[in-house]
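Chains as they are written, first to last, in my numbering: chain U, 275 to 708; chain H, 15 to 249; chain G, 210 to 1115.
Presented below is the structure to which this report refers.
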Ligand SMILES: Cc1cc2nc3c(=O)[nH]c(=O)nc-3n(C[C@H](O)[C@H](O)[C@H](O)COP(=O)(O)O)c2cc1C
Ligand code: SF4
Ligand code: FES
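See below:
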């Protein structure tokens, strides 16, 4: 497969150093999508998005058009934009927020119009200090230019957009935890049902939550039509998508690629993309969609970058982050670090997640530091099984949210793919890679 | 979880608590005015809790008990609820921190690019463990989870400003610059999250915001000028 | 009262819709909307749980209650505490998958839980321990180091927190926030490090803190008084009613070696729903104290010396006879009686009115409302109050006086549609929840009540200090279909008749309203029902109305109406205008020297009385000055019945043997009668009740058999016509070990919870139908109904230098119930003087500064606090609380309609 010459839908402007300014934005067609949307009925705008078959870019991959349609039955009260981006090795929203804030704002305004909401909150991860400043500046500009606030561009449609800073907690990316946080509480995910915040969302009102990248696609879709978007990619995976490539590659970064048309191999090794693994080393494993996803080995490198394709192979495209590990990587250490992440970021509500993550981390640490026992492997797998019964993918859960069942992914993958390595740690009393 | 209550979900107390929700005493007048503006942005005051914590940190660098008590009164919850909420979040500090909080990510992408070694170096060169503050009170070192800057690994932030991939050597230079104040323009003291305020919308007076921004820009350029003057004089 | 406008009772709700679902393969029916965990429990299947509590919102966090639920995509594990039953749903609670999940959760909970069961208060009754045995894995696979926290930290004076043991179920934090409305404990931190804690230096000083100890499923929260006190396997228990205040919360009284060790709230639907206030929970310790009176005392040559019962009774009888001989029956006065059982109160009423012939008998201590008003108004139950559209509160601060009633109201406001209109001279704990809070100056309640019900135009200025907008809103709310008035005493520095008149104005203006008396003393309503009030006879009849009936039954009743406590004390002090004196005083389990508002009058009365008999359980100021002291059994030492504010009659359980020679109160009356050559006719407490049932018209039909019926464990409301005897089903008690953790565990140790009279209901004396037909004699008297004529004092205007005093109640005061219990006594706070900020400014006293208040005859020094809720020229403080100098009791002149004072800088 080749790297297609698809249009750069959300990253087109990034070639300019001043891509975040209003001047550059206006010079590159900025706010035309919104102007066009305002000439259409809200239903027509929503239909355009539905036709685009735009899958949510936050990780769950639920079609944005369908989510909106579910909600449009009852009047939507709030639109909340998820800019919490904290999934390890995911850094695509960071780019969009900092480098093209106007595109985000325009997308948000289009969605607000389609959903006919008058209040939007853009929740941005607190650690993005610059991003917070840039989005607020873009909004200030939008208000000043009549694109936000009352009577947008004379259309009679009014909407208020508030930028809300997060305060550092991964779980607030989970949409119901995000809403709790937005209500001024700890980020405890809400128990389901309801399964979507649609019915009972912010302040108990119907609410749509969408990801930053999802929103950023809207100006292009409005200008070029949903059909044009759907024509890119393949099957359910329509359009382009941002892939954040990190780890052991020569050229880490965010790449906008047409879905399905490109493979992991392209992404990792193509000179214009990842540029291959440094120091001429070999690929040991890669994580295809954020640390919650089960790992892939070199065998799966030719899988196309498509939602269903990756799911079919037993993992997920998730947040679009790809982490590459070369053959000098210690699998125990890598999965220990990921487990430590979950332990630190578990919200603490559910027993299996709170206690299980901490315990797993302690066992992993023991093994990595040479205090492992052979029975620890079965113990690890059994404890994982108690968090996510069956250790199947997608996982079954014993917890309120899916952070819990994400914990076993890395341990399960590491043991399954590199059991020998664990045994070496145990037998030799330490890490062979140190 | 979201239950409608006639009191807006706020904890209400009787006579005895009436005094604790009395006028805030610890936040400065400016911070208080900003706080009221922030509260007005939300349908329910409690939503302003976290922004107000950021605001209070911009005043003190961390969340003092007095500030938490003030926030409780402003948004209509108990001080315990403010503490309970704030302590959930990594960026809200309920203990004092240094002027600069240096966060080093050691999560997977950074780990694969030497983050653990960088952290070890930082600990020994600063003489503190992760979580600790240097004796001069300038730097607090934090081991962070992924900061979403993975293509510049191992990634570092100072007061939530990205400073790019670090090597042990560049880290030591960074620390020296922080200590000397050379980075104080680019990186405000800990607690100042964003320097751009909402200029329009429901509450803000545009003229006032514009004036503030101009004054800020002016003050900034003056400081810069003064600094370069002393730098020139000194060298 | 018409059907439509009657307050909705719980039994009158629309019938619940039933649906059926499959539970472990069998078809089971459930209420629509019911949670699987509750429906399964009703069907006899217990699903283990930690965080679920039937009286709080489900959060589904412990994950112990996971069950397998069939769904479109196969069976999945779901928390049964959050899942509502759906028709046709199939739930499996015992599959391997469920077992594994439960094992897993238990193992996870135990990895960080210390294994210090042998030294843990919860050991032996710990759901974690029990469920580990029942559902858990055999051995631990955890070899790492457990989480460590600093050892127990006090989160209040009464509660200690051991964070190591906490399993993060959030029951305590939900209780504090959701139920008590005082979120002073919360989770701090995140994930594995999450812990319950208080804000630094801001203790969880809630009146309800003890409930968190009761509902904590492990030993993380312990009550300071109970720590290391006993083990469940040493405990025996009985069900009873807390008589610390008049709400009548049902409790399990647990004891070990003839000492009460613990009180636990029982989940009684119509009353306390599992909760208790801390005063009620911990006041039991008074019964254990060493300083109890164990033998009768008689004054000889100026000193009290032990005597035999025979001697003491003879001396008392002689003294009373001499008083009567000198000045007629009216020269004997009886004060107190609210701490007696119903049977005790009836016996003493019969002795006083039927044997001695005096009507100067009053169970209220000058801080209540006239008995005729309380007894005559249509009574509401607590459920009816909570279900009303509007509740008008004209009483003291309910959180201070009747704490669990406050909880019931608060939840009705927050969860339901109850609107509260408050009439009060100052802000109370209900003020933040009230739709309209109307202020009045002491003496102005009637005017405000008139403005509220529209007897006078609200613009006429009669509404005094009330805000016109709030008044308009209040008038609208008072027009609702179902209205309940809570009537009590906002201040003891204001004549009770003034408030009673306002209550009657409401009664006349709102003919469909029902009334819930907010009288605070334990069994005060029972005492009034039993006739311990001037002008009243047992069964809610007046002296005149019941004269023929009781003359026939008792032989005689007093000729004329007697005096109330204020009148009795004034007559003892020699103050009465008519010159008639009270020469002998009988004090029934009360102490005018500390309980009566006008302390100086009480002093003079005790000094002035020639002969004082005290019935008491422990020494106090009054026993020191009595001529005869009878040692009486206390709560938990005597069987019988008690009556709460609703008129609900419940059985008291006897758990302890009274110390030494102390007797039950009814028995003392009976033996004293014998020494007065009379026979009350009782040989057992049950026999007293039989007579009450036979003679008291309000209590007809409430036989021992009815009270002892299994389904009547929640009590019976008198009169029976007021609400049918609802045979209630207790919440889940038999199955759920952690709905009320301590109770079930003690039951399993072989001490089943039981309640009731000691004698069996089939004992002799139970009236049969045949006997009923044979009753001859005068016609049964009529129950007192509706407003009465009151002697309302005239309130004169005050001059511009004077202020009016409000003296309200505080839960922890210097009263006997608190003083006798060290942990509670430590909670008594110095009372400040709350002053309108403008008045404070005028005086130039800074907030927190001290000032002196002065009446014509006394003065006191207090710390001044500004309180903008007070009208101008009104100051407020707490009665019976310590002050910098002096006491409020010295400032109060019971003869004046309101207390007028001046302030000065000391
Ligand atoms: C533990 C967890 C973390 C998540 N983090 C993020 C995040 O950082 N950003 C995001 O957009 N979505 C995140 N999600 C997904 C959101 O819950 C939600 O599905 C998404 O914001 C919806 O937007 P979309 O439909 O546009 O993708 C997370 C989900 C979970 C369970
Ligand atoms: S699974 Fe973990 S993160 Fe999710 S709600 Fe439960 S404890 Fe919180
Ligand atoms: S999750 Fe249901 S009882 Fe805890």
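Glycine included, every Cβ here is placed at the ideal spot set by N, Cα and C.
Legend entry - Buried or exposed (CB count within 10 angstroms, at least 16 for buried), residue 892 of chain G: Locating residue 892 of chain G in the third chain gives position 683, counting from the first residue. Looking at its Cβ environment, which holds fewer than 16 other Cβ atoms inside 10 Å, residue 892 of chain G is exposed.
Inset, instruction - State yes or no: is the C-beta of residue 612 of chain U within less than 8 Å of the C-beta of residue 565 of chain U? - result: To locate residue 612 of chain U, count along the first chain from 1; it is residue 338. To locate residue 565 of chain U, count along the first chain from 1; it is residue 291. Yes, they are a contact pair.
Legend entry - Segment contact, 8 Å Cβ cut-off, at least three pairs: the stretch 585 to 604 of chain G with the stretch 911 to 920 of chain G: By the Cβ criterion, the stretch 585 to 604 of chain G is not in contact with the stretch 911 to 920 of chain G, since fewer than three pairs of Cβ atoms, one from each stretch, lie closer than 8 Å.
Inset, instruction - Look at residue 431 of chain G and residue 405 of chain G and say whether their C-beta atoms are less than 8 Å apart. - result: One-based indexing of the third chain puts residue 431 of chain G at position 222. One-based indexing of the third chain puts residue 405 of chain G at position 196. For residue 431 of chain G and residue 405 of chain G, no; Cβs fall outside 8 Å.
Inset, instruction - To the nearest angstrom, report how far apart residue 459 of chain U and residue 557 of chain U are at their CA atoms. - result: In the first chain, the residue the question calls residue 459 of chain U occupies position 185. In the first chain, the residue the question calls residue 557 of chain U occupies position 283. The alpha-carbon atoms of residue 459 of chain U and residue 557 of chain U are separated by roughly 43 Å.
Legend entry - residue 510 of chain G versus residue 412 of chain G: straight-line alpha-carbon distance, rounded: As a first step, residue 510 of chain G is located in the third chain; it is residue number 301 there, counting from the start. As a first step, residue 412 of chain G is located in the third chain; it is residue number 203 there, counting from the start. Using only the alpha carbons, I get a separation of about 52 Å.
Inset, instruction - Confirm, please, whether the CB-CB distance from residue 1076 of chain G to residue 1043 of chain G is below 8 Å. - result: Start at 1 with the first residue of the third chain, and residue 1043 of chain G comes out as number 834. Start at 1 with the first residue of the third chain, and residue 1076 of chain G comes out as number 867. The criterion of a C-beta distance shorter than 8 Å is satisfied by residue 1043 of chain G and residue 1076 of chain G.
Legend entry - Helix, strand or coil at residue 385 of chain U [DSSP, three-state]: As a first step, residue 385 of chain U must be located in the first chain, where it is residue number 111. Note: residue 385 of chain U maps to helix in three-state DSSP.
Legend entry - Three-state secondary structure assigned by DSSP to residue 488 of chain G: Counting from one through the third chain, the residue named residue 488 of chain G turns up at place 279. Taken through DSSP and simplified to helix, strand or coil, residue 488 of chain G comes out as helix.
Inset, instruction - Please list, in chain order, all residues of the same chain as residue 302 of chain U whose beta carbon is under 7 Å from its beta carbon, the five residues on each side excluded. - result: As a first step, residue 302 of chain U must be located in the first chain, where it is residue number 28. Within the same chain, and ignoring the five residues on either side of residue 302 of chain U in sequence, the residues whose Cβ sits closer than 7 Å to its Cβ are 287.
Legend entry - Short Cβ contact (8 Å threshold) for residue 129 of chain H with residue 119 of chain H: Position 115 of the second chain, counted from the start, is the residue given in the question as residue 129 of chain H. Position 105 of the second chain, counted from the start, is the residue given in the question as residue 119 of chain H. Yes, Cβ-Cβ distance for residue 129 of chain H and residue 119 of chain H is below 8 Å.
Inset, instruction - Count the other CB atoms, across all protein chains shown, that sit within 10 Å of the CB of residue 328 of chain G; report buried if there are 16 or more and exposed otherwise. - result: The sequence position of residue 328 of chain G within the third chain is 119, counting from 1. Exposed, because fewer than 16 other Cβ atoms sit within 10 Å of the Cβ of residue 328 of chain G.
Legend entry - Buried or exposed by the 16-neighbour rule on C-beta atoms within 10 Å, applied to residue 678 of chain G: The residue given as residue 678 of chain G occupies position 469 in the third chain. That one is exposed.
Legend entry - Rounded straight-line distance, which links the Cα of residue 620 of chain U to that of residue 371 of chain G: If you number the third chain from 1, residue 371 of chain G lands on position 162. If you number the first chain from 1, residue 620 of chain U lands on position 346. For the pair residue 371 of chain G and residue 620 of chain U, the Cα-to-Cα distance works out to about 22 Å.
Inset, instruction - State the start and end residues of the unbroken alpha helix (DSSP H) segment that holds residue 520 of chain G. - result: In the third chain, counting from the first residue as 1, residue 520 of chain G sits at position 311. Residues 518 to 536.
Inset, instruction - Return the first residue and the last residue of the alpha helix (DSSP H) that residue 778 of chain G is part of. - result: Along the third chain, one-based indexing puts residue 778 of chain G at 569. Counting along the chain, the alpha helix (DSSP H) containing residue 778 of chain G begins and ends at 774 to 782.
Inset, instruction - Give, in chain order, every unbroken run of the beta strand (DSSP E) that is at least 3 residues long and sits entirely within the stretch 786 to 872 of chain G. - result: Within the stretch 786 to 872 of chain G, the beta strand (DSSP E) runs of at least 3 residues that lie entirely inside it are, in chain order, 793 to 797, 820 to 825, 837 to 840, 849 to 852 and 857 to 861.
Legend entry - Cβ pair count under 8 Å reaching 3, the stretch 411 to 420 of chain U against the stretch 107 to 126 of chain H: Taking one beta carbon from each stretch, the stretch 411 to 420 of chain U and the stretch 107 to 126 of chain H have fewer than 3 pairs nearer than 8 Å; the two do not touch.
Legend entry - Contact residues within the stretch 373 to 395 of chain G, judged by C-beta distance below 7 Å to chain U: Here the close residues are 377.
Legend entry - At least three beta-carbon pairs within less than 8 Å, the stretch 53 to 62 of chain H to the stretch 189 to 196 of chain H: Look at the beta carbons and you see the stretch 53 to 62 of chain H not touching the stretch 189 to 196 of chain H: under three pairs across the two are nearer than 8 Å.
Inset, instruction - Kindly indicate if chain H contains any beta-carbon less than 8 Å away from that of residue 941 of chain G. - result: Along the third chain, one-based indexing puts residue 941 of chain G at 732. Here residue 941 of chain G scores only 40 on pLDDT, less than 50, and its place in the model is too uncertain to base an answer on.
Inset, instruction - Flag residue 613 of chain U as yes when its Cβ comes closer than 7 Å to any non-hydrogen atom of ligand 2, and as no otherwise. - result: If you number the first chain from 1, residue 613 of chain U lands on position 339. Checking every heavy atom of ligand 2 against the Cβ of residue 613 of chain U, none is found closer than 7 Å.
Legend entry - For residue 186 of chain H, three-class secondary structure by DSSP: To locate residue 186 of chain H, count along the second chain from 1; it is residue 172. Reduced to three states, the DSSP call for residue 186 of chain H is helix.
Legend entry - Interface flag, residue 98 of chain H vs chain U, CB-CB below 8 Å: Walking along the second chain from the start, residue 98 of chain H turns up at place 84. True, the Cβ-Cβ gap to chain U drops below 8 Å.
Legend entry - residue 522 of chain U - partner residues in DSSP beta bridges: Here residue 522 of chain U refers to the residue found at position 248 when the first chain is read from its first residue. According to DSSP, residue pairing for residue 522 of chain U in a beta bridge does not occur.
Legend entry - Length at least 4, wholly inside the stretch 1035 to 1073 of chain G: the alpha helix (DSSP H) runs in chain order: Correct list: 1046 to 1052.
Legend entry - 8 Å Cβ cutoff, residue 641 of chain U in contact with chain G: As a working mapping, residue 641 of chain U is identified with position 367 in the first chain. Using a Cβ-Cβ cut-off of 8 Å, residue 641 of chain U does not count as an interface residue toward chain G, since no Cβ of chain G sits closer than that to its own.
Inset, instruction - Please name the residues in the stretch 121 to 136 of chain H whose beta-carbon is closer than 7 Å to at least one beta-carbon of chain U, in chain order. - result: Per Cβ criterion, the list reads 121, 122, 123, 125 and 126.
Inset, instruction - Report the three-state DSSP secondary structure of residue 291 of chain U (helix, strand or coil). - result: If you number the first chain from 1, residue 291 of chain U lands on position 17. Residue 291 of chain U carries a coil assignment under DSSP once its states are collapsed to helix, strand and coil.
Legend entry - Per-residue burial, residue 647 of chain G [other beta carbons within 10 Å of its own, 16 or more giving buried]: As a first step, residue 647 of chain G must be located in the third chain, where it is residue number 438. Its Cβ being crowded by 16 or more others within 10 Å, residue 647 of chain G is buried.
Legend entry - residue 417 of chain G Cβ short of 7 Å to ligand 3 heavy atom set: To locate residue 417 of chain G, count along the third chain from 1; it is residue 208. Answer for residue 417 of chain G: no, Cβ out of range of ligand 3.
Legend entry - Three-state secondary structure (DSSP) of residue 282 of chain U: In the first chain, counting from the first residue as 1, residue 282 of chain U sits at position 8. In the three-state scheme derived from DSSP, where H, G and I count as helix and E and B as strand, residue 282 of chain U is classed as coil.
Legend entry - Quiz: which residues have CB nearer than 7 Å to ligand 3 non-hydrogen atoms: Those residues, listed in chain order, are G:246, G:258, G:259, G:260, G:261, G:267, G:269, G:270, G:271, G:272, G:273, G:274, G:288, G:289, G:290, G:291 and G:378.
Inset, instruction - Could you name the residues of chain G that residue 441 of chain U contacts, counting a contact when the two beta carbons are closer than 7 Å? - result: The residue given as residue 441 of chain U occupies position 167 in the first chain. Result: empty, since nearest Cβ-Cβ is about 11 Å, beyond 7 Å.
Legend entry - When G:1096, G:448, G:373 and G:434 are compared against residue 807 of chain G, the one with the closest alpha-carbon: One-based indexing of the third chain puts residue 807 of chain G at position 598. Of the listed residues, the one whose Cα sits closest to residue 807 of chain G is G:1096.
Legend entry - Complete runs of the beta strand (DSSP E) confined to the stretch 538 to 625 of chain G [at least 3 residues]: 541 to 545 and 599 to 603, all fully within the stretch 538 to 625 of chain G.
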